[in-house]
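**Q** Each residue of the sequence shown is one higher than the one before, starting from -16 at the first, in my numbering.
Got a structure for you, written out below as structure tokens; questions coming shortly.
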Amino acid sequence: TADLGVRLDLKQIALRCRNTEFNPRRFAAVIMRLREPRATALLFSSGRMVITGTKSSHNCSLATKKFAYILERVGFQPAGFIDFKIQNVVGTVDVGFPIRLEGVVYAHPTFSSYEPELFPGLIYRLVQPRVVLLIFVSGKVVITGAKTEEQMVEALRKVYPVLVEFR
């Protein structure tokens, strides 16, 4: 997320910029897309911007600058990036072997919940780093809630021995 420090006229942005969607009855933001780096921005009238879909922190920063430049070209004067912050880093990994989810939930009830009739994955909540892992029988794992790539690596490093134990 970032704050551009200027109010935005969403209707003007939608009319004057390419690759935008704006339907104020459905969602109170302009959706703008970039091809390179591949990213989507949600632009709010307050000047707040939410960037999603980038593959790295560096690309997120680059995309934020490009979105600000586009807005500058159509007449808005961003005051820089007030409060630029990476809120959530999501990653996926395939550990390469199937996992017995029932075994994990019985051995680690404090950290995990598994209700296959509601959701096919086991939800494993780490305390440090504060990250959530969605673990599937197939061996695929989604890591979410991290603030950095390093936190994702640390989370996987902590959970991997548990996954090996219940392969």
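For every residue, glycine included, the Cβ atom is placed at its ideal position computed from N, Cα and C.
Just to confirm the assignment: which complete alpha helix (DSSP H) runs, minimum length 4, are found wholly within the segment 57 to 112?
**A** For the segment 57 to 112, whole alpha helix (DSSP H) runs of length 4 or above, ordered along the chain, are 84 to 90.
**Q** DSSP state of Ala11, grouped into three classes?
**A** Reading the sequence shown from its first residue, position 28 is the one you call residue 11. Ala11: coil per DSSP, three-state reduction.
**Q** Let me check understanding here. Comparing Cα to Cα, which of Gln70, Lys49, Glu148, Asn71 lies closest to Arg21?
**A** Within the sequence shown, the letter at position 38 stands for residue 21. Checking every option, the nearest Cα to that of Arg21 belongs to Lys49.
**Q** From Ser96 to Ala11, what does the alpha carbon distance come to, in whole angstroms?
**A** Position 113 of the sequence shown, counted from the first residue, corresponds to residue 96. Position 28 of the sequence shown, counted from the first residue, corresponds to residue 11. Distance between the alpha carbons of Ser96 and Ala11 is about 35 Å.
**Q** Of the residues Ile118, Val73, Gly86, Thr(-16), which one's Cα is nearest the Cα of Arg133?
**A** Working through the sequence shown from its first residue, we reach residue 133 at position 150. Sequence inspection shows Glu at residue 133; the Arg mentioned does not correspond to that position. Of the candidates Ile118, Val73, Gly86, Thr(-16), the one whose C-alpha sits nearest the C-alpha of Glu133 is Val73.
**Q** Any idea which residues DSSP pairs Thr3 with across the strands?
**A** Translated into the one-based positions of the sequence shown, residue 3 becomes position 20. In the DSSP output, where bridge partners are listed per residue, Thr3 has Met15.
**Q** Helix, strand or coil: which one does DSSP assign to Val114?
**A** As a working note, residue 114 is residue 131 in the sequence shown. Looking at Val114 - three-state DSSP - the assignment turns out to be coil, as it is neither helix nor strand.
**Q** Under 8 Å by Cβ, that's how I've got Gly36 and Thr23 pegged, so tell me the actual separation to the nearest angstrom.
**A** In the sequence shown, counting from the first residue as 1, residue 36 sits at position 53. In the sequence shown, counting from the first residue as 1, residue 23 sits at position 40. Right, their Cβ atoms sit about 5 Å apart.
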